[in-house]
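Taken in order, these protein sequences are the chains called A and B. If you're matching positions, the first sequence starts at 531 in the working numbering and goes up one per residue. If you're matching positions, the second sequence starts at 7 in the working numbering and goes up one per residue. Glycine included, C-beta positions come from ideal geometry on N, C-alpha and C. Fair warning: this is a prediction, and the values are worked out from it, not measured in the lab. Remarks on the structure that follows.
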Amino acid sequence: MDDAGFIFACYGITIGALVAYTWFLLRRARRTGSDVHSEDLPWT
Amino acid sequence: MTVTAEQLNEVSAGGGVASHRWQGPTSTAFSRGLGVMTIVGMAWLLAFGLIFSPADRVQGTSVRILYIHVPTAWIAYLAFIVTGVSSAMYLFRRGHSLAWDRVAGASAEVGVLFMGLTLITGSLWGRLTWGVFWEWDARLTTTAFLFVTYIGYLAVRRLGGSHHARARRSAVLGLLAVLEIPLVHFSVKLWRSLHQEASVARLNGDVELDGLMLFSLLVGIVTFTLLYGWLVLHRQRVMYLEDQYDDRDLDVALAERQAEAHG
């Protein structure tokens with residue numbers, strides 16, 4: 531594949547950034563939600 | 007709202023959300039379903055974007071960047087429009103619900119992420135197509151300006167004050183910032199631009215893409231839309247938890263001051 535380095539860099543950076551943000555978000559959710567009662571969560 | 011000493015003790019004793027290792031406090035059956043669909047969509051995007059889609063007659067294999075670059079740009083637009091609409095809902099609906107403010111903030115944060123990815127993938131594609139990573143062209147410059155505006159919006163949200171003070175000032179900024187989107191989208195028509203005009207979202211309805219290329223692009227758009235939904239859902243729930251946390255800290259501080267005053 532021509533230009534493979536640039537193409538894989540695009541896919542790698544995009545997926546890597548999205549996975550990193552998702553991980554950051556779930557970690558933050560666990561930290562802030564660790565001492566909240568489930569009945570206090572309007573979505574449960 | 008004040009918190010009693012018993013409630014505080016109960017919380018500090020670990021009466022938190024009981025959850026499985028893979029179920030966070032912001033997770034629900036719906037969000038897990040959305041997550042699974044996003045993962046499946048991402049696998050499809052990789053398969054069609056990198057393997058099944060044909061090379062372009064003019065751009066060759068570099069057209070594969072299209073399936074990432076265009077969806078990230080569209081999702082960033084969508085995210086900023088959602089921020090604008092949610093800001094209007096907060097400001098103009100009776101009750102001024104903070105839920106709208108949290109959706110606006112969550113959507114802006116996710117939009118900044120997607121806009122940043124649009125700029126990065128665009129500059130890599132530009133290096134292949136134009137020979138340079140960056141050019142102060144109308145589309146690129148207005149996009150960079152939009153990106154910086156929403157970073158400013160996120161900074162304004164963190165200035166402090168009550169939740170409603172945060173919501174009011176950021177809602178005004180959210181309503182103003184969304185006006186930049188038409189300028190960015192139509193910049194290729196308003197000024198002479200290196201950036202190509204739209205291939206799909208044209209005012210006359212014409213589509214300039216081969217069938218499999220168009221399908222790959224649609225896979226990218228659907229997948230990133232699902233991901234956007236999942237991220238905003240979780241982010242606004244985390245914001246709810248953070249707001250609760252702030253309120254509880256304030257209640258603890260007030261309880262301590264009252265205890266000092268009476269002690």
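- What are the start and end residues of each continuous alpha helix (DSSP H) run of 4 or more residues lying completely inside the segment 163-197 of chain B, in chain order? The segment 163-197 of chain B contains these whole alpha helix (DSSP H) runs: 169-183, 186-191 and 193-196.
- Query: Counting only beta-carbon atoms, is Leu123/B nearer than 7 Å to chain A?
  - Reply: Locating residue 123/B in the second sequence gives position 117, where the first residue counts as 1. Output row for Leu123/B: interface = yes.
- With 16 as the cutoff for other CB atoms within 10 Å, does His268/B come out buried or exposed? On the second sequence, residue 268/B is found 262 positions in, with the first residue counted as 1. Label assigned to His268/B: exposed.
- Are there 16 or more other CB atoms within 10 angstroms of the CB of Pro60/B, so buried, or fewer, so exposed? One-based indexing of the second sequence puts residue 60/B at position 54. Classification for Pro60/B: exposed.
- State the Cα-Cα distance for the pair Ile157/B and Leu125/B, rounded to the nearest angstrom. For this step, residue 157/B is matched to residue 151 along the second sequence. For this step, residue 125/B is matched to residue 119 along the second sequence. Between Ile157/B and Leu125/B, the C-alpha separation is close to 14 Å.
- Message: Given this structure, state the Cα-to-Cα distance separating Phe98/B from Gly90/B, to the nearest angstrom.
- Response: The sequence position of residue 98/B within the second sequence is 92, counting from 1. The sequence position of residue 90/B within the second sequence is 84, counting from 1. The alpha-carbon atoms of Phe98/B and Gly90/B are separated by roughly 12 Å.
- Message: One question on the structure: do Thr78/B and Leu123/B come within less than 7 Å of each other, judged by their Cβ atoms?
- Response: Taking the second sequence and counting its residues from 1, one reaches residue 78/B at position 72. Taking the second sequence and counting its residues from 1, one reaches residue 123/B at position 117. A distance below 7 Å separates the beta carbons of Thr78/B and Leu123/B.
- DSSP on Asp107/B, reduced to helix/strand/coil? Here residue 107/B corresponds to residue number 101 of the second sequence, with the count starting at 1. In the structure shown, Asp107/B falls within a helical segment according to DSSP collapsed to helix, strand and coil.
- Interface residues of chain B facing Trp573/A [CB-CB closer than 7 Å]: Locating residue 573/A in the first sequence gives position 43, counting from the first residue. By Cβ distance, chain B contributes Thr34 and Arg243.
- Task: Check the Cβ of Thr229/B against every Cβ in chain A and list those closer than 7 Å, keeping chain order.
- Result: Position 223 of the second sequence, counted from the start, is the residue given in the question as residue 229/B. Near Thr229/B there are no residues of chain A at all, since even the closest Cβ is about 10 Å away, more than 7 Å.
- Query: For chain B, is any of its Cβ atoms less than 7 Å away from the one on Ala550/A?
  - Reply: Taking the first sequence and counting its residues from 1, one reaches residue 550/A at position 20. No - not a single Cβ of chain B is within 7 Å of the one on Ala550/A.
- Task: Check the DSSP bridge columns for Gly226/B and list the partner residues they point to.
- Result: The residue labelled residue 226/B in the question sits at position 220 within the second sequence. Among the bridge pairs identified by DSSP, Gly226/B is matched with none.
- Selected residue, minimal CA-CA separation from Ala53/B, among Leu223/B, Ser113/B and Trp136/B: The residue given as residue 53/B occupies position 47 in the second sequence. Comparing Cα positions, the closest option is Leu223/B.
- Query: How about Phe536/A: is its C-beta nearer than 7 Å to some C-beta of chain B?
  - Reply: Looking up residue 536/A in the first sequence gives position 6. For Phe536/A, the answer is yes, since a Cβ of chain B falls inside 7 Å of its Cβ.
- Task: Flag Gly158/B as yes if its beta-carbon sits less than 7 Å from any beta-carbon of chain A, otherwise no.
- Result: For the purposes of this step, residue 158/B is identified with residue 152 of the second sequence, where counting begins at 1. Not flagged as an interface residue toward chain A: Gly158/B, since no C-beta distance is shorter than 7 Å.
- Where do the N-terminal and C-terminal ends of the alpha helix (DSSP H) with Leu72/B fall, by residue? Counting from 1 along the second sequence, the entry for residue 72/B is found at position 66. Leu72 to Phe98 is the span of the alpha helix (DSSP H), which, as asked, contains Leu72/B.
- Would you be able to state if there are at least three C-beta pairs under 8 Å between the segment 70-88 of chain B and the segment 219-237 of chain B? With the rule of 3 Cβ pairs closer than 8 Å, the segment 219-237 of chain B counts as touching the segment 70-88 of chain B.
- Message: Taking 7 Å as the threshold (beta carbon to beta carbon), is Met7/B in contact with chain A?
- Response: Reading the second sequence from its first residue, position 1 is the one you call residue 7/B. Note that Met7/B scores 41 on pLDDT, short of 50, meaning its location in the model is unreliable; the coordinates nonetheless yield the value given after this. No, because no Cβ of chain A sits closer than 7 Å to the Cβ of Met7/B.
- Would the segment 193-205 of chain B and the segment 141-150 of chain B be scored as touching if the rule is three or more Cβ pairs under 8 Å? The segment 193-205 of chain B makes contact with the segment 141-150 of chain B: 3 or more CB pairs, one atom from each, lie closer than 8 Å.
- Straight-line gap, Gly22/B to Met48/B (C-alpha atoms, nearest Å): As a working note, residue 22/B is residue 16 in the second sequence. As a working note, residue 48/B is residue 42 in the second sequence. The predicted model places Gly22/B with a pLDDT of 45, which falls under 50 and marks its position as unreliable; any figure quoted below should be read in that light. Each residue's alpha carbon lies about 33 Å from the other.
- Query: Three-state secondary structure (DSSP) at Gly39/B?
  - Reply: Position 33 of the second sequence, counted from the first residue, corresponds to residue 39/B. In this structure, Gly39/B counts as helix in the three-state DSSP scheme.
- Query: Is Pro77/B close to chain A, meaning its C-beta is less than 7 Å from at least one C-beta of that chain?
  - Reply: Start at 1 with the first residue of the second sequence, and residue 77/B comes out as number 71. Pro77/B has a beta carbon lying at 7 Å or more from every beta carbon in chain A.
- Nearest chain A C-beta to Arg70/B closer than 7 Å, yes or no? Your numbering for residue 70/B matches position 64 in the second sequence. At least one beta carbon of chain A lies nearer than 7 Å to the beta carbon of Arg70/B.
- Query: Quick one: any contact between the segment 238-251 of chain B and the segment 97-115 of chain B, if contact means 3 or more CB pairs under 8 Å?
  - Reply: Touching, per the Cβ criterion.
- Message: I want to verify the contact list: residues of chain A whose CB lies under 9 Å from the CB of Leu56/B, in sequence order.
- Response: One-based indexing of the second sequence puts residue 56/B at position 50. Met531, Ile537, Phe538 and Tyr541, listed in chain order.
- Task: Helix, strand or coil for Ala24/B, going by three-state DSSP, please let me know.
- Result: To locate residue 24/B, count along the second sequence from 1; it is residue 18. Confidence in Ala24/B is poor, its pLDDT being 42 and thus under 50, which makes the residue's placement too unreliable to answer from.
- Task: Find the nearest neighbour of His102/B within the set Ala171/B, Glu214/B and Trp80/B, judged by alpha-carbon distance.
- Result: By 1-based counting over the second sequence, the position of residue 102/B is 96. Looking at the Cα atoms, Ala171/B is the closest of the given residues.
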